[in-house]
Amino acid sequence: MDEIIYDSSEEIPNSPPPVNPAGNPNLKNDPRIEEIFSQVEQLSVKIDNLNRENIRLNGEKMQLESEVAQLRRENAQLKRPPLFVAAIIDILPNGEVYLRQQGNNQEYITLPSDMVAGTLKPGMKVAVNNALSIVKTVDNTFDTRVRVMELEESPNVTFTQIGGLKDEIEEVREAVEYPLTRPEVFAKIGVEPPKGILLYGPPGTGKTLIAKAVANQAKATFIRMSGSELVHKFIGEGAQMVRELFDLAREKSPSIVFIDEIDAVGSMRTSDGTSGSAEVQRTLMQLLAEMDGFDNRGNVRIMAATNRVDMLDHALLRPGRFDRILEIPLPDADSRREILKIHSGKLSLAADLDMETVLGMTKGCTGAEIQAICREAGMFAVRKSAESVEMSDFLDAVAKVKKEGKTVKSEDIMYY
């Protein structure tokens, strides 16, 4: 920048006036002043760029500081020694706590700190450190596979959707629903309700449908599982799932535990000796122990279903576990008429359709097969773009479902 040299003979004012080349005709065309203003504008642009760069760098700095803090927390977490889970067996008179560590079942006694001493109760889970000191209490945790067995919403099946089985349905309601909805009646009479109920019969006769209707009517937590879900590879895993299943049922009471296909885990015990068979037997013994631990009048009801009652272990069938063993038979003519009426109620039927003739063709069919016949008859009508379902559609549907008049191929077999 060129310096402005003042003549010594000129008087220098104490406060020079502001430089304004536009308003001062003497400076307006001065090239030195124009150069100064050009440099000022350039510096202003540089300052703006530097300010923006400073804001960007501050943002990056804050992000890096956040990442550093997160890494420090993770580092501290990795350096922290792990905590072990233990269950409180008892609280001794002197304030000491009798603990059993889960996994290895080691037992020991420790004195809790004042921070947690007032909150400890027998049966609670606590976290202990390497010095076996209680660090904090732990809420009850359940296997995710057990959690998903709980139905969030009640099934939308009602008893009006079940054809026939009047006596069987009433016995199921007496054993499962009424102890939950009308316990005062049992207390008044002084009778203990059946502890558990086992439904057995051919596939497709409505065993699971009855369980869903009971869950809808009882307004209770419905926990449904298949017996095969309790069979696991590793030792003790199936037994642990059974234990957590019933713990969840107690926590969510009033509740209904429904074990479908119980023959997968409750089959008769043998002296096979293989590791898989031994693990299934351990799971069965845990199931028997859990069933023995329930009060008949408790808020947890047990239901089970199977197609092979002949395979079940005798210990599972004795009174005190399944007090009521109920057969769900093939539907008779009246039951088939009700089932046919239920499943054909939504179909657009031809005016000349004789449902009694259709009923005669369903002899020996299960409820599931009658439902399939109605569905297939509707599909035949859809295929023809017909206005309604005719007798010929039902004839074709019966032949398809019952495999009449043609050789059964492997791909035609109906699986239940």
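Here numbering that gives the first Met the number 0 is used: position 267 in the sequence shown is 266, and no number is missing along the way.
Backbone N, C-alpha and C fix where the C-beta goes; we use that ideal spot for every residue, glycine too.
Asked: One or two residues paired with I161 in a DSSP bridge; Found: Its beta-bridge partners do not exist; DSSP assigns none.
Asked: Pairwise C-alpha distance: L49 and Q39; Found: Checking the displayed sequence, the identity of residue 39 turns out to be Val instead of Gln. Those two C-alpha atoms are separated by around 15 Å.
Asked: Where S334 falls, given that 16 or more other Cβ within 10 Å makes a residue buried; Found: buried
Asked: 6 Å CB neighbourhood of V397 in its chain, flanking five on each side removed; Found: M360, I372
Asked: Stretch-stretch touch, CB-based, cutoff 8 Å, three pairs: the stretch 330-345 with the stretch 215-231; Found: no
Asked: Limits of the unbroken alpha helix (DSSP H) element including R242; Found: 236-250
Asked: CB-CB length for A314 against L287, believed under 8 Å; Found: 6 Å
Asked: Member of G377, E337, M378, Q62 whose CA lies at the smallest distance from the CA of L358; Found: E337
Asked: Selected residue, minimal CA-CA separation from D312, among A86, D353, R268, S387; Found: R268
Asked: Beta carbon of I301 nearer than 8 Å to that of M284; Found: no
Asked: Coarse secondary structure for A214, derived from DSSP in three states; Found: helix
Asked: Candidates I35, R323, E375, A349, of which the one nearest P193 by Cα; Found: R323
Asked: Reduced DSSP category for K60 - H, G, I as helix; E, B as strand; rest coil; Found: helix
Asked: For K60 and E2, the rounded distance between their alpha carbons; Found: No answer about E2 holds up, because its pLDDT of 47 lies below 50 and its placement is not dependable.
Asked: Every unbroken alpha helix (DSSP H) inside the stretch 322-387 [4 residues or more]; Found: 332-343, 354-360, 366-382
Asked: Assigned exposure category for I46 - 16 Cβ within 10 Å defines buried; Found: exposed
Asked: Nonlocal neighbours in the same chain, by C-beta distance under 8 Å from A349, ignoring five residues either side; Found: S387, V388, E389, M390
Asked: For M310, the nearest candidate out of E64, A86, V264 (CA to CA); Found: V264
Asked: Rounded C-alpha distance that separates D331 from D392; Found: 24 Å
Asked: Endpoints, the beta strand (DSSP E) within which A263 is located; Found: Not the beta strand (DSSP E): A263 falls in the alpha helix (DSSP H), residues 262-265.
Asked: Alpha carbon of A68 to alpha carbon of G58, nearest angstrom; Found: 15 Å
Asked: Three-way DSSP call (helix, strand, coil) for A304 in this model; Found: strand
Asked: Close beta carbons around Q370, own chain, < 7 Å, minus the five adjacent residues each side; Found: H342
Asked: Cross-strand partners of E289 (DSSP beta bridge); Found: E289 is not bridged to any residue.
Asked: Bridge partner(s) assigned by DSSP for I196; Found: M302, R323
Asked: Bridge-paired residues (DSSP) for R99; Found: A86, E106
Asked: Proximal residues to L179 (C-beta, below 7 Å), its chain only, five neighbours per side dropped; Found: A217, A219, P253, N298, R300
Asked: Rounded C-alpha distance that separates F158 from E167; Found: 11 Å
Asked: For I133: DSSP bridge partner residues; Found: V127
Asked: Member of G163, A376, R382 whose CA lies at the smallest distance from the CA of K399; Found: A376
Asked: Pairwise C-alpha distance: A304 and K345; Found: 29 Å
Asked: Minimum Cβ-Cβ distance from K399 to chain B less than 8 Å; Found: Any reference to chain B falls outside this structure, which holds one protein chain only.
Asked: Cβ-Cβ distance between E260 and G226 below 8 Å; Found: yes
Asked: Burial state of N74, where buried means 16 or more other Cβ atoms lie within 10 Å; Found: exposed
Asked: CB of L197 within 8 Å of CB of L325, strictly; Found: yes
Asked: Cβ distance (whole Å) where V137 is taken to contact K124 below 8 Å; Found: 4 Å
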